[in-house]
Each structure stands twice: as C-alpha cells, then as structure tokens.
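In what follows, a structure is listed as structure tokens, so that the remarks can point back to it.
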Amino acid sequence: MTTIQIMGIILLGLAGGIPLGILIRKKIVESRVESIEQYSKKILADAQKEAKTIKKEAALQAKDTLYQMKIEFENETKGRKEQLLVQEKRLFHKEENLDKKINHLEKKDVRIEEREKSIEGIEKGLQRKQSEYDRAIAEQRRQLEKIAGMTTQEAKDTLMSSMESEARHDAAKTIRRIENEAKTEADRKSQEILALAVKRYAGDYVAERTVSVVNLPNEEMKGRIIGREGRNIRAIEAATGIDLIIDDTPEAVILSGFNPVRREIARISLERLIDDGRIHPARIEEIIAKATKEIEANIKEAGEQASFDVGVHGINNELIKLIGRLKYRSSYAQNVLQHSREVSFLCGIMAAELGQNVKQAKRAGLLHDIGKAVDHEVEGPHATIGADLARKLGESNQVVLAIAAHHEDIQPESILAILVQAADTLSGARPGARQEMLESYVKRLEDLEKIALSFNGVNKSFAIQAGREIRIMVEGKTVGDNESFLLCKDIAAKIEKELTYPGQIKVVVIRETRAVDYAK
C-alpha cells in the first residue's frame, strides 16, 4: 500500500468521523490477505507443476519396468523353448533306439525259432542213433554168446564162481584186520556202541512241536481252504481254536497252537475236508464235530489201554481221559504217554526189589506227569497241577505227594516219591529216549570231562550215569580236604555256565592219600 493511499484513507477517516486506527488496521489486514492468497496460488501452481513432473517420471519408470519385464519374459520363454527342443530331440533319439531294439529282438526271436527247429532235428537224429546203437549192442551180445557157447547169465555165474574163492580169502583178511582194529579201539568205541544200541532200542517218539503240517494235493486247494473273503479259514479257526498259516510253503498248510488235542482235531478235520472236497462253513462245523467225538473216544481208549498195560485199575474216569490226552503231548521230543508207561514199569520193578507196594508204585509212576495234560490251560508247574488233580479225583495222599515231589517242587518224604523221581530221571535221561543225537551226547560227555580237567590239581575225570554224574580224581599233595570242597563248587558252577543239559549233574571230587614204602 502506497503513502498516497494511506494519506487518502486518513483524510477519508477524518472526513467521515471514522477513527483513523481502525481504517489503517483494516487496510493492512486486507493487504495481507491479498498477499497470502497470491502466495497460496503460487504454491498451488508449483505443486501442480511438481505433480506433473512426478507423474511423467512415474510413467517413464513404469514403461521402463514394463520393458524390462518384457525382456525377461522373452528370455525365459526362449530358454524354455530351447529346453523343450532338447527334450524333444532326446525323446526322438529314444524312440529311434527303441525301434532298433524292437527290430533286434524280432530278429533274435527269429534266430531262436530257427535254433529250436535245428535242435528238434538234432534230437530226432540222436534218437535214431540211439535205436541203432541199441540194435548194434544186441547184435554184438548175440554174437558173443554164440562164440562163447553160453548165455550172459551163464557167463556171470562162471565169473562169480571163479571170483568167490578169491573174495572169501580177501574177506577173511579184511575181517581179521577189522577185528584187530576193533580190539585196539574197543575202549574208545564201547561207549558210542552202547549209546547207539540204547538209542536203537528206544521206541518211536513224537517230536515236540507246536505245529502240524497238512499236505495239499495242489496249490489251488489253498484258495478253497481260505474261501470267499476268508470265511472258510475263519470258520476252521473259530471252531478249533487253532491258527492256520497259509504261506509260500508249496502244497502245505501249517496248523499252529499250543493245545495238542485241538491241533490234532484241526489236522484230522482239514484232511477230511480236503479229501471230501466240499469246503464251506456248515460242512466245516460238521466235520470238526465228528473229529472231536472221535478224538475224545481215542483219548479215553488210550488212557484205558495204558492203565491196562501197566496193570493199574480203579482209576477215576476223568484221570483216564487225562492219561489219554498225554498221547498228544510230548516233552523234549519224548511222547509223554509212552514216558509215563515207562516210569510206571520202572517204579514197579524198583518197588518189587525194595519190598514196597508194587501196585501203588505203578499207579504213581503212571500219574506222575498227569499235569502236562492241562498245563497249557492251568498256571503253575505240571507237578503241582498233577498233584492237585489227583487229590481232587480221589487218589491217595502218598500218590499225590509222589506226583508233587518228582521234580522236587516239594521235598520227597517217602520211598514212593524217591522211586518216582528216580524212574522219571531214568526214562528221560537215557540216550535215545529224547532223540538226542549220538554225536551230541558223546560231545556233551567229552565237554563235561574237559571242564573238570581244566582245573589245577585234577588228575582224572570220568563222566558216568549217561552224563548225570561226573567223578573227579584230584592229586592229594596239591589239593587238600578243604580245597576239594571249593573245587567241587567251582566245577559245578562252570558246568552250569558253559553246558546245556536236562535235569542235573552230580559232581563228585575224590581225594586220596597214598603212603608208599618198600620192605627190603
């Protein structure tokens, strides 16, 4: 605002009676407002210019970014096209190689067919030559018989008669040499011969197994036994309580179960179903019911026959059935029913020699393993189980105690209990009774003696009583009386650690002191 304008305002204010300060202040405010508006317009114009500049730069940058992305996309597309071309070439080469291989295989098949035809021709030629060879040999034989004036059998007889005297002479020499060798090695071979003789004397024992094998006529029968969705095999397992194992074993099905009676029922039933050919759940139940009745009858018959064979009468019918069940039970490959009969006979023999009650001894021997008939169903040692069964079914207290003590679950307190214990040991421990191989039996005796000889102060050792006892001779000067007891315990401990054997082995250490002098 100029000076003239201000003066004009003052004059106007004076003329109009308006205060001068108010006018001046108003004009100053109006002037400032005008300058602020001009300054705002300027700022707005500058901002618009700057916005246009930024917009142009952003547009340029966007175009540049788009251009870079386009270049990258084109490069990536070009790389993929190159990869696809490489893969296409590789597939084309593979197709060419496959075509070549197919052509090669076709040619090879043609060559094989031609070779088979040539081999067939060669086989026919060989057959013709074989027939010609047979005819030539027959002709040669006829000519030889004609020249020799005798048949082939007559020539053989003549040759045999001429060689017989020489053979007898050579045989006599051989026999004499063998006898001399046998006498020289008698001490070494005697134990083996005895063991072999005892083993051959032993009866047939069923190997102890928890499985039975049923042979099939063909592999298709496995599918019929399994049935549609396994209904047949489930029906058999549910009715018998035995597991059927159908695996890769050719033409065989394995029956697995700890109950030997149920396993035998399952085996008989399955064999009959295979023979019959009609295998379905209703027929399975019918066959198993019949087999169960037959097995129960066989069990009772076996028990009655065993009691009749040993001469024991008046046994409870339930005990008779349990005795018969032992026919299907084995222990260490020894049939338990046969073992019980042997123990009964041995008890009777020893009781007669000692003047005891023979009938009672046989009874206790026959029933001593009765617990094994149900030991897969009842918990506890079979001796305790058998004693409880015998007590419940009316056997005398002496027989019950003898059954309970035959494995020293309780201490034997009567002669009868000791007789049963001894007879059980004799029947089970003799070589061959439990199908122990002769070689392993002899090796066990040798190992027993070697263990004893490995200790200092031991002079000789002898395994006796079929390996149930070992007697050890020690040097009196080296081992004293007190040391002999310690030596006995050490040897027993080493035997327990290093050997596997049934029952127990008695270790006896013998020490002697010799005083030697000469009378002159």
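Start counting the sequence shown at 91; every next residue gets the next number (our numbering).
We put the beta carbon where it would ideally sit given N, CA and C, even for glycine.
Let me make sure I understand the geometry here. Which of the options has the alpha-carbon closest to that of residue i?
| i | options | result |
| --- | --- | --- |
| A494 | T474, A141, V510 | T474 |
| I505 | E235, K567, Q450 | Q450 |
| L612 | D537, R558, R561, F575 | Residue 612 falls outside the range modelled here, since the chain spans only 91 to 610, and no answer is possible. |
| G401 | V448, A379, H370, R373 | V448 |
| A356 | S302, I114, E310 | S302 |
| L509 | P350, E443, E178 | E443 |
| D365 | I212, V304, N407 | V304 |
| N308 | P340, I369, Q511 | P340 |
| E565 | A553, L577, N549, K131 | N549 |
| R453 | Y418, G445, V489 | V489 |
| F435 | D199, S397, E186 | S397 |
| K587 | E196, I541, A228 | I541 |
| I358 | I378, F348, G367, I268 | I378 |
| I585 | Y608, D399, A553 | A553 |
| E485 | M253, L195, G404, I112 | G404 |
| H472 | V532, D499, Q446 | D499 |
| L363 | A605, E206, M311, R353 | M311 |
| Y591 | E319, K184, E186, T515 | T515 |
| Q555 | K117, V532, L577, E204 | V532 |
| G367 | E147, G317, H497, A228 | G317 |
For my contact list, residue i and residue j are in at a C-beta cut-off of 8 Å; report their separation, rounded to the angstrom.
| i | j | result |
| --- | --- | --- |
| E394 | I410 | 6 Å |
| I413 | I460 | 7 Å |
| M440 | A492 | Actually they are not in contact, since the Cβ atoms of M440 and A492 sit about 13 Å apart, beyond 8 Å. |
| R431 | L457 | No, R431 and L457 are not in contact; Cβ-Cβ is about 11 Å, not under 8 Å. |
| K581 | F545 | Going by the sequence as given, residue 581 is Ile instead of Lys. That pair is a contact at about 6 Å. |
| P350 | Y418 | 4 Å |
| I369 | R314 | 5 Å |
| S517 | K462 | Not really, about 14 Å apart at Cβ, beyond 8 Å. |
| E408 | L360 | So it is not a contact: roughly 29 Å between Cβ atoms. |
| I323 | L306 | Their Cβ separation, rounded to whole angstroms, is 13 Å, which puts I323 and L306 out of contact at 8 Å. |
| G52 | L535 | There is simply no residue 52 to check, as the chain begins at 91 and stops at 610 in what is shown. |
Looking only at DSSP bridge pairs, what is residue i linked to?
| i | result |
| --- | --- |
| N425 | S420 |
| E559 | I554, K596 |
| R170 | Looking at the DSSP assignment, R170 forms no beta bridge with any residue, so it has no partner. |
| V564 | V548, R601 |
Please decide whether residue i counts as near chain B, where near means a Cβ-Cβ distance under 7 Å.
| i | result |
| --- | --- |
| K131 | Given the protein chain composition of this structure (a single chain), no chain B is represented. |
*Could you tell me which uninterrupted beta strand (DSSP E) segments, each at least 3 residues in length, are contained entirely in the segment 301-348, listed from first to last along the chain?*
301-305, 333-335, 342-346
*Entirely within the segment 467-528 and at least 4 residues each: give me those alpha helix (DSSP H) ranges in chain order.*
472-482, 487-495, 505-519
_Cβ contact (3+ pairs, closer than 8 Å) linking the segment 597-604 and the segment 558-568_ = yes
*Could you tell me whether the segment 479-497 touches the segment 421-430, using the rule of 3 or more Cβ pairs below 8 Å?*
no
*Would you say the segment 309-329 touches the segment 369-385, given that touching needs at least three Cβ pairs under 8 Å?*
yes
*Could you give the uninterrupted runs of the alpha helix (DSSP H) lying entirely in the segment 386-422, keeping only those of 4 residues or more?*
407-415
*Where are the alpha helix (DSSP H) runs, 4 residues long or more, that stay fully inside the segment 103-152, in chain order?*
none
_Start-end ranges of the beta strand (DSSP E) lying completely within the segment 214-249, minimum 3 residues_ = none
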